[in-house]
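Enquirer: Chains as they are written, first to last, in the working numbering: chain A, 114 to 522; chain B, 114 to 522. All C-beta atoms in this analysis are idealised placements derived from N, C-alpha and C, irrespective of residue type, glycine included. Quick one: the structure is below, questions incoming.
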């Protein structure tokens, strides 16, 4: 007899946490280390204690609660985050933590002790919306980011410092970080693939590498009526060619390569003036690090050629570079098998966005479970996932945790 | 013996008027109907009176001074404007009016009476920087624009109304408009062609037609990491393709076709978000009205195809449509001949920008003389033309006026 999750109990917690920092019209604003984040943390700690977990807080404010196992040793950890972007949804992050609580609640209800301990964790500032970088808490916890440097980080609006805010909200703890026996994270896909393909569960194979570049093209401002084409140095035309080249490179590489030009600005930006300067960003992602690097190099070559041909100068600046992260193949297979055993359609897929899980991947078997996002929307107050899909994802999570932790009836 | 202009006298007036509304660091701000414009007008009227001209002001504030001829009848008119953009140079407009004064001064100095009267005119609000449309005074004077409608025009910043400002600065007159025997305008090129080709005088054959369109592309906002290329509706990529198409159409048509994308904006404009909306403007110009229309139609077809291919919707809105204006072929030839007679290199060329002259072209023989603009700069405090070129242009103007007005020793 396998324990079963309760969709009702899980959704109750989703909506309860969703009240904290709730925005008019839907969604939440629980920016990291704000009063709303503190209220969410206080609620979470109380929930953990109600479930009998023993709660720890570390120096960067990560919270985890441990349900003891029959044996001592590292726990199977279920984690995510409860901070949000300024106009976030109810599910991004929160679902991962609350499904962890539901796993514990289901084990409790079944009166089931596991061999290994089970931990539920919420990591500080995953979003990076108020303090950069993102995945700050999990990064510190797993040794990728420096604690002191992170504590000294000032908010992007200059208003506050991480360490001071942790003190202010009472979440600067002293527990030592732990490396779990395995790490699992249930998350909304934040993309359209599962919904479009009608698939219930994503077995996430890893996180795409990220290659962000800002290009600044400088030409010469001129009167749009009086300057013949041959005498122009049009920065905007170079930028348009870079944008088209990014799209073409993605098409030629094929999936999972993506390329996005999200920022495109002209200066002076007047109808009848040839632009002197253009600034654009190109966001390239791929699960294959070598292919990603090659795409970035090819884009740069094409950008330089376009600038040269137009008599413009080109500057480029890396805004972000993250190598792809691969999850544990055995664990990905276990997620797939668990979904199939529940008659849930399942698909292996990469994550296009970053997640706390990627910080654990180098140190312990790690994987993620995705469920469909309505219209692929996320970081949006209209973010939505269906209750059936949430329950299915939580059940797969529970089943895999039982396998990993070694269930005892 | 032909009369000669005095470069020193002309430059003296250029710098004197340049003191009125002078900006720190150079250039002037004499926005139409402001106190600075009034001060410029007062100075101009005094100069006209000193030169013995009989001054008239019409209902839209145009100022002209007439030097009588041996015969009555319509004058040969030399005109331009003394209003400027907010950060204008010393030469745009002012040079045309002041070279007219210099023509009169040279005729006076030579004790020469012409057969026809000679008029020097400054038209209200040529720039259109404070009140739209531009070429307002000459447009009303020549019957293209409605007087009452123009008097009721509110400033683009909402702060004032043309008629009230004319009253306030004391320049709402009552003189009847006149149709001259011929109209001449000396102007800085505001483009780089003469300087680049090392030519002293442009014999302006007409004004290019203008075809401005604003395109708004609407797609779907999506996460840049989690949305496969095939599932995107990227408004920015459509906009980039429209920009490239505009450039290609200009290249394929060849000179004098020009195409400029001066505005290009993405929304929401974030590095990692597929743009939902893009707005761009395309400024097409050509001296051939049919070719210009065809270029506009082809651009629209390509824009629609690009939007369709990307699953985006396209809206388009005409921002400006002006048919090309052709100047008087005989008069253009006279300017060319006058330049050659003075051993000045000369080239027939269209004007890429609009000028008061185009309002006169349908009603009387009209042409313009261009002189080189350093680096093609205009509407810029660094606008500059060399004294030698200014003197050469004014001399050609004087020589042509003598021919047209019928000189008497």
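State buried or exposed for residue 114/A, treating a residue as buried only when at least 16 other CB atoms are found within 10 Å of its CB.
Expert: The residue in question, residue 114/A, is exposed, as its Cβ has fewer than 16 Cβ neighbours within 10 Å.
Enquirer: First and last residue of the alpha helix (DSSP H) that includes residue 361/B?
Expert: Run containing residue 361/B: 348 to 366, per the alpha helix (DSSP H) assignment.
Enquirer: So what does residue 378/A bridge to, in DSSP terms?
Expert: Per DSSP, 392/A.
Enquirer: Any contact of the region 116 to 131 of chain A with the region 495 to 503 of chain A, i.e. 3+ C-beta pairs under 8 Å?
Expert: Output reads yes: the region 495 to 503 of chain A touches the region 116 to 131 of chain A.
Enquirer: What does residue 431/B reach in chain A if we use C-beta pairs closer than 9 Å?
Expert: Within chain A, no residue comes near residue 431/B; the closest Cβ sits about 12 Å away, beyond 9 Å.
Enquirer: Given a threshold of 16 other Cβ atoms within 10 Å of its Cβ, counted over all protein chains shown, does residue 486/B qualify as buried or as exposed?
Expert: Burial call: buried.
Enquirer: Does any residue of chain A bring its CB to less than 8 Å from the CB of residue 116/B?
Expert: Closer than 8 Å: no.
Enquirer: Any beta carbon of chain B sitting closer than 8 Å to that of residue 437/A?
Expert: No, no contact with chain B.
Enquirer: Which of the three DSSP states, helix, strand or coil, is assigned to residue 427/A?
Expert: Strand.
Enquirer: Drop a sphere of 10 angstroms on the beta-carbon of residue 449/A, count the other beta-carbons inside from all chains shown, and report buried for 16 or more, exposed for fewer.
Expert: Residue 449/A comes out buried.
Enquirer: Quick check on this structure: which residue in 222/B, 257/B, 250/B, 282/B has the alpha carbon closest to the alpha carbon of residue 149/B?
Expert: Of the listed residues, the one whose Cα sits closest to residue 149/B is 282/B.
Enquirer: Go ahead and label residue 368/A buried or exposed: buried means 16 or more other beta carbons lie within 10 angstroms of its beta carbon, across all protein chains shown.
Expert: Counting Cβ neighbours within 10 Å, residue 368/A comes out exposed, since fewer than 16 surround it.
Enquirer: At the level of alpha carbons, what is the spacing between residue 207/B and residue 349/A?
Expert: About 32 Å.
Enquirer: Determine whether the Cβ of residue 374/A lies closer than 8 Å to any Cβ atom of chain B.
Expert: Yes - at least one Cβ of chain B is within 8 Å of the one on residue 374/A.
Enquirer: Per the DSSP calculation, residue 521/B is bridged to which residue(s)?
Expert: Per DSSP, 226/B.
Enquirer: Identify, in the order they occur along the chain, each residue of the same chain with its Cβ nearer than 7 Å to the Cβ of residue 356/B, setting aside the five sequence neighbours on each side.
Expert: Closer than 7 Å at the Cβ level, and outside the excluded window around residue 356/B, lie 374, 377, 393.
Enquirer: Which same chain residues, not among the five before or five after residue 166/A, have their C-beta less than 7 Å away from its C-beta?
Expert: Excluding positions up to five away in sequence, the list reads 178, 179, 180, 217, 233.
Enquirer: Restricting to Cα atoms, I'd like to know which of 340/B, 223/B, 195/B, 147/B is closest to residue 466/A.
Expert: Of 340/B, 223/B, 195/B, 147/B, the residue nearest in Cα terms is 340/B.
Enquirer: Give a yes or no on whether the C-beta atoms belonging to residue 317/A and residue 173/A are separated by under 8 Å.
Expert: No, they are not a contact pair.
Enquirer: At a CB distance below 9 Å, what residues from the region 324 to 342 of chain A approach chain B? Give them in sequence order.
Expert: Residues 325, 327, 333, 334, 335, 336, 337, 338, 339, 340, 341, 342.
Enquirer: With distances taken between CB atoms, is the gap from residue 227/B to residue 136/B smaller than 8 Å?
Expert: Contact flag unset, no.
Enquirer: Could you tell me the boundaries of the beta strand (DSSP E) in which residue 324/B lies?
Expert: Start and end: 322 to 331.
Enquirer: Strictly by DSSP, which residues pair up with residue 297/A?
Expert: Residue 297/A pairs with 191/A, 480/A.
Enquirer: Over what stretch of residues does the alpha helix (DSSP H) that includes residue 122/B continue unbroken?
Expert: Per DSSP, residue 122/B belongs to the alpha helix (DSSP H) from 120 to 131.
Enquirer: Nearest chain B C-beta to residue 197/A closer than 8 Å, yes or no?
Expert: For residue 197/A, the answer is no, since every Cβ of chain B falls outside 8 Å of its Cβ.
Enquirer: If distances are taken between C-alpha atoms only, which option among 182/A, 516/A, 509/A comes closest to residue 119/A?
Expert: Per the Cα distances, 509/A.
Enquirer: Is the distance from the Cβ of residue 154/B to the Cβ of residue 284/B below 8 Å?
Expert: Yes, they are a contact pair.
Enquirer: Taking the beta strand (DSSP E) that residue 232/A belongs to, which residues open and close that run?
Expert: Per DSSP, residue 232/A belongs to the beta strand (DSSP E) from 231 to 235.
Enquirer: So the candidates are 391/A, 296/A, 186/A; which of them puts its Cα closest to the Cα of residue 447/A?
Expert: Looking at the Cα atoms, 296/A is the closest of the given residues.
Enquirer: Residues bridged to residue 176/A by DSSP?
Expert: Residue 176/A is bridged to 170/A, 235/A.
Enquirer: Can you give the Cα-Cα distance for residue 333/B and residue 305/A, rounded to whole angstroms?
Expert: Looking at the two C-alpha atoms, the distance is approximately 12 Å.
Enquirer: At 9 Å on the CB atoms, spell out the chain A contacts of residue 440/B, in chain order.
Expert: Chain A residues near residue 440/B: none, gap ~16 Å exceeds 9 Å.
Enquirer: Can you round the beta-carbon distance between residue 299/A and residue 212/A to whole angstroms, since I take them to be within the 8 Å contact cut?
Expert: Residue 299/A to residue 212/A, Cβ: 5 Å. Contact.
Enquirer: Below 8 Å, can you find three or more Cβ-Cβ pairs linking the region 378 to 386 of chain B to the region 399 to 416 of chain B?
Expert: No: fewer than three Cβ pairs fall under 8 Å.
Enquirer: Could you compute how far the alpha carbon of residue 511/B sits from the alpha carbon of residue 301/B?
Expert: Taking the straight line joining both Cα atoms gives about 16 Å.
Enquirer: Between the region 221 to 237 of chain A and chain B, which residues of the former have a C-beta closer than 9 Å to a C-beta of the latter?
Expert: Residues: none.
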